[in-house]
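With the numbering used here as the guide, the letters of the sequence shown map in order to residues 196 to 407.
Idealized CB from N, CA, C, for every residue including glycine.
Quick caveat: nothing in here was measured; it's all calculated off a predicted structure.
Before any comments, here is the structure.
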Amino acid sequence: MTLTLERGQKLVVASHNEGKVRELRTLLSPFGLELVSAAELELPEPEETGSTYQENAELKALAAAKAANLWALADDSGLSVDALDGAPGIYSARWGGPERDFNNAMVKVHTELMQKGAMGPGQRTADFVAVLCLATPEGESACFEGRVSGTLVWPPRGDKGFGYDPMFLPEGHNRTFGEMTEDEKHAWAPDKIGLSHRSRAFSKFVKACCIG
Numbered sequence: 196m197t198l199t200l201e202r203g204q205k206l207v208v209a210s211h212n213e214g215k216v217r218e219l220r221t222l223l224s225p226f227g228l229e230l231v232s233a234a235e236l237e238l239p240e241p242e243e244t245g246s247t248y249q250e251n252a253e254l255k256a257l258a259a260a261k262a263a264n265l266w267a268l269a270d271d272s273g274l275s276v277d278a279l280d281g282a283p284g285i286y287s288a289r290w291g292g293p294e295r296d297f298n299n300a301m302v303k304v305h306t307e308l309m310q311k312g313a314m315g316p317g318q319r320t321a322d323f324v325a326v327l328c329l330a331t332p333e334g335e336s337a338c339f340e341g342r343v344s345g346t347l348v349w350p351p352r353g354d355k356g357f358g359y360d361p362m363f364l365p366e367g368h369n370r371t372f373g374e375m376t377e378d379e380k381h382a383w384a385p386d387k388i389g390l391s392h393r394s395r396a397f398s399k400f401v402k403a404c405c406i407g
C-alpha cells in the first residue's frame, strides 16, 4: 500500500518514549512536516499485545491516528540477542521493569549471557530491529523494517542515545551506539544505507511515502 505525505502535513509521532520521539523528530526534520507527539496530545498508550514488532507498531500507529484524527507514525523496536533465542525482542523495554530502567535491562541481558557462558565476542551477537508504521484515521497502514547487526559489550560505554545503545557495538565499528552522536547513528541518504536500525527503516519509509 502506498501512502503519500505532503510537506506541511500534521503528523503524530505515536510514542510516549522521549528517546524515540527525539530520534524520529531528528529524522523527520528535513521534510517540512508539522510534528506533534502522542504525549503532547495526551493520547492514551495502547497495550502492546502483538507478537511481532510489526504488529505492535501497527497497533500503536492506528490507535494514535484514530484518537487524534491525524496521520500517525509509530515505532516498535528492540534488541534481539542470538544466545538468548532472540530475547528480549519485543519485550526489550519491559526488561527494565515497571520504570523502564534500561540500566537494569542491560544488567539483566549481561547476567543471562553470563549464566549461559556466552562471554566471548562471537557468543554475544545481537541485532537491533525497528519497524516504522504509518497509519491514517481511516485504518490504512504501511510498515517498514530496519535491522543492524552487532556485538554486545560489557561494561556499557557512552552516555548518548537511549535504551541498550551503550552496550551495542555495531558491526564494523569500534564505538557503541552510546558513544555516537545522533548524526552518526542516523545519517542516511536515498542512495546510502544508514547505520542505525531506525534510520534503515526510515529510508524505506521515505522512499515509499514520497516525502522529500
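For residue j and residue i, the rounded distance between their alpha carbons
i: residue 266; j: residue 329; result: 7 Å
i: residue 362; j: residue 352; result: 6 Å
i: residue 354; j: residue 210; result: 22 Å
i: residue 284; j: residue 366; result: 19 Å
Pick from the options that is closest to residue i, judged by C-alpha positions
i: residue 381; options: 233, 209, 217 and 200; result: 217
i: residue 314; options: 350, 297, 282 and 299; result: 350
i: residue 344; options: 297, 230 and 319; result: 319
i: residue 305; options: 290, 270 and 294; result: 290
i: residue 262; options: 208, 224, 302 and 272; result: 208
i: residue 325; options: 200, 201, 215 and 203; result: 215
Check whether residue i and residue j have beta carbons under 8 Å apart
i: residue 374; j: residue 198; result: no
i: residue 395; j: residue 358; result: no
i: residue 327; j: residue 268; result: yes
i: residue 371; j: residue 348; result: yes
i: residue 392; j: residue 323; result: yes
i: residue 235; j: residue 206; result: no
i: residue 296; j: residue 219; result: no
i: residue 252; j: residue 338; result: yes
i: residue 332; j: residue 288; result: no
i: residue 222; j: residue 397; result: yes
i: residue 150; j: residue 298; result: Any property of residue 150 remains undetermined from this structure, which presents the chain solely from 196 to 407.
DSSP bridge partner residues for residue i (one or two, in chain order)
i: residue 323; result: 274 and 343
i: residue 330; result: 267 and 336
i: residue 357; result: Answer is none; residue 357 lacks a bridge partner.
i: residue 232; result: 208
i: residue 364; result: 346
i: residue 443; result: Since the first and last residues shown for the chain are 196 and 407, residue 443 lies out of range.
Within-8 Å CB hit, residue i to chain C
i: residue 206; result: No chain C is part of this structure, which consists of one protein chain only.
> Do three or more CB pairs link the region 242-250 to the region 304-312 at distances below 8 Å?
Replying inline: They do not touch, by the three-pair rule.
>> With three or more beta-carbon pairs closer than 8 Å as the criterion, would you say the region 273-280 touches the region 256-265?
In response: Taking one beta carbon from each stretch, the region 273-280 and the region 256-265 have fewer than 3 pairs nearer than 8 Å; the two do not touch.
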